[in-house]
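*Asks:* Going down the list, the protein sequences come from chains A and B. For the first sequence, my numbering gives the first residue as 1, with consecutive numbering after it. For the second sequence, my numbering gives the first residue as 1001, with consecutive numbering after it. Handing you this structure, nothing more for now.
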Amino acid sequence: DTEVTQTPKHLVMGMTNKKSLKCEQHMGHRAMYWYKQKAKKPPELMFVYSYEKLSINESVPSRFSPECPNSSLLNLHLHALQPEDSALYLCASSQRASGSFAGELFFGEGSRLTVL
Amino acid sequence: GENVEQHPSTLSVQEGDSAVIKCTYSDSASNYFPWYKQELGKRPQLIIDIRSNVGEKKDQRIAVTLNKTAKHFSLHITETQPEDSAVYFCAAMGTGTASKLTFGTGTRLQVTL
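Take a look at the structure:
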């Protein structure tokens, strides 16, 4: 199984809503990532979890709250978002996030978020 | 931090011709350089990668070259086909306590008949 599964595929939410994006992998990877991708732009790193601990937060606003309940799951909790937060949110995993080589990143299909 | 520049931003070639996309990176500690293909509305998909201990790698019609001294790497696609049309991203990853993959700005490749 080389899949990273993301749900939901599409999400529309108002600025006062609370929602969550979910990501799951069963490849035994110990590093998981959230990326944000705006149209016609490259993916931008938001968070890195290594062995279920947050190791990188790229100065992401607190209205985005990541959570890694176990080594297979990664959530992104959304609250009080702005219309400019509308984007494709990509989850990825790799064997590890430290050492001499982290390994190939496997991306999920993404969750397309629209904030009204 | 790492900075990756990618050129050209758009590239149009005729079917059967070759396409070359070039990237430069800033962090000499980076040691892993993947290339991703992203079709409209889809996830980035790894098409080829190279590690810093190798100068060139080839997989059928796709090849990547790396010049560590000059800190640049290139993607070569030969005998292009319409299905090669997509956005291509180069990326660089370093070592450390939490490896970060930094992407280039992307190249939109259009293969015309």
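Where a beta carbon is used, it is the ideal one built from N, C-alpha and C, also for glycine.
Does DSSP classify N1049 of chain B as helix, strand or coil?
*Replies:* For the purposes of this step, residue 1049 of chain B is identified with residue 49 of the second sequence, where counting begins at 1. One point to set straight first is that residue 1049 of chain B is Asp, not Asn, in the sequence displayed. Note: D1049 of chain B maps to strand in three-state DSSP.
*Asks:* For D1017 of chain B, name the three-state secondary structure that DSSP assigns.
*Replies:* Residue 1017 of chain B sits at position 17 when you count from the first residue of the second sequence. It is coil, neither helix nor strand.
*Asks:* Tell me A1092 of chain B's beta-bridge partners as DSSP assigns them.
*Replies:* Stepping through the second sequence from its first residue, residue 1092 of chain B is reached at position 92. DSSP lists B:T1102 as partners of A1092 of chain B.
*Asks:* For G108 of chain A, which residues in chain B fall below 7 Å Cβ to Cβ?
*Replies:* Here the question's residue 108 of chain A lines up with position 108 in the first sequence. In chain order: R1043.
*Asks:* Buried or exposed, going by whether 16 or more other CB atoms sit within 10 Å of the CB of P1082 of chain B?
*Replies:* Walking along the second sequence from the start, residue 1082 of chain B turns up at place 82. It counts as exposed.
*Asks:* By the 10 Å Cβ neighbour count, where 16 or more other Cβ atoms means buried, how is R1061 of chain B classified, buried or exposed?
*Replies:* Position 61 of the second sequence, counted from the start, is the residue given in the question as residue 1061 of chain B. It counts as exposed.
*Asks:* Kindly indicate which three-state DSSP category P83 of chain A falls into: helix, strand or coil?
*Replies:* For the purposes of this step, residue 83 of chain A is taken as residue 83 along the first sequence, with counting starting at 1. Correct three-state label for P83 of chain A: helix.
*Asks:* Determine which residues of the stretch 1026-1055 of chain B have a Cβ less than 9 Å from any Cβ of chain A, and write them out in chain order.
*Replies:* Result list: N1031, Y1032, P1034, Y1036, Q1038, G1041, K1042, R1043, P1044, Q1045, L1046, D1049 and R1051.
*Asks:* Between the Cα of S94 of chain A and the Cα atoms of A:S71, A:L78, A:M15 and A:L113, which residue gives the shortest distance?
*Replies:* For the purposes of this step, residue 94 of chain A is identified with residue 94 of the first sequence, where counting begins at 1. The shortest Cα separation from S94 of chain A among A:S71, A:L78, A:M15 and A:L113 belongs to A:S71.
*Asks:* Could you pull out every unbroken beta strand (DSSP E) segment of at least 3 residues lying fully inside the stretch 8-33 of chain A, listed in chain order?
*Replies:* 10-13 and 18-25
*Asks:* When Cβ atoms are compared, which residues of the stretch 1073-1085 of chain B fall closer than 7 Å to chain A?
*Replies:* none
*Asks:* Taking C-beta to C-beta, are G1104 of chain B and P43 of chain A nearer than 8 Å?
*Replies:* Looking up residue 1104 of chain B in the second sequence gives position 104. Looking up residue 43 of chain A in the first sequence gives position 43. It is not a contact, given that the beta carbons lie outside the stated cut-off.
*Asks:* Cα separation between T1024 of chain B and L105 of chain A?
*Replies:* Translated into the one-based positions of the second sequence, residue 1024 of chain B becomes position 24. Translated into the one-based positions of the first sequence, residue 105 of chain A becomes position 105. Their backbone Cα atoms lie some 20 Å apart in a straight line.
*Asks:* Quick one: list the residues of chain A neighbouring L1101 of chain B, beta-carbon separation under 9 Å, in chain order.
*Replies:* Residue 1101 of chain B sits at position 101 when you count from the first residue of the second sequence. By Cβ distance, chain A contributes Y33, Y35, P43, L45, A92, S94, A102 and L105.
*Asks:* Tell me, which residues are paired with N57 of chain A by DSSP?
*Replies:* Position 57 of the first sequence holds residue 57 of chain A. DSSP lists A:F47 as partners of N57 of chain A.
*Asks:* What does a CB cutoff of less than 8 Å around S1026 of chain B pick up in its chain, not counting 5 residues either side in sequence?
*Replies:* The count along the second sequence starts at 1 and reaches residue 1026 of chain B at position 26. For S1026 of chain B, where only same-chain residues beyond five positions count, the Cβ hits under 8 Å are E1002, N1003, V1004 and K1071.
*Asks:* Using the beta-carbon count (16 or more within 10 Å), is Y1088 of chain B buried or exposed?
*Replies:* On the second sequence, position 88 is the one that residue 1088 of chain B refers to. Y1088 of chain B should be labelled buried.
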